[in-house]
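Q: Numbering (numbering that gives the first Met the number 0), first residue to last: 0 to 55. Ideal Cβ placement from N, Cα and C applies to all residues, glycine included. Before we start, here is the structure in question, set down as structure tokens.
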Amino acid sequence: MSERKKSTPPKQPSRKAIRRTVASSTAIETGEPINAIEKKLKRGARRFKDVQLANG
């Protein structure tokens, strides 16, 4: 019988990859250039500073 390989957990995407994905999705919806949206995301300026995400 052959031994089964142990599965490794999937790699988490990098922050850069997540930022790029969000920027491209937003660019499609708004028509704004991806680079401009990425710059805004890199700055980290938040519009609603007192709003927190739910913890799951």
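Does A35 pass the burial test, meaning 16 or more other C-beta atoms within 10 Å, or should it be called exposed?
A: Start at 1 with the first residue of the sequence shown, and residue 35 comes out as number 36. Label assigned to A35: exposed.
Q: Just the Cα atoms here: how many angstroms apart are P75 and N54?
A: Only positions 0 to 55 of the chain appear in this structure, which leaves residue 75 out of reach.
Q: Output the distance between the C-alpha atoms of A26 and K15, rounded to the nearest integer angstrom.
A: Here residue 26 refers to the residue found at position 27 of the sequence shown. Here residue 15 refers to the residue found at position 16 of the sequence shown. In a straight line, the C-alpha of A26 is about 16 Å away from that of K15.
Q: Report the CB separation of E37 from R18 in whole angstroms; it is logged as a contact under 8 Å.
A: The residue labelled residue 37 in the question sits at position 38 within the sequence shown. The residue labelled residue 18 in the question sits at position 19 within the sequence shown. The pair is a contact, with the Cβ atoms about 6 Å apart (cut-off 8 Å).
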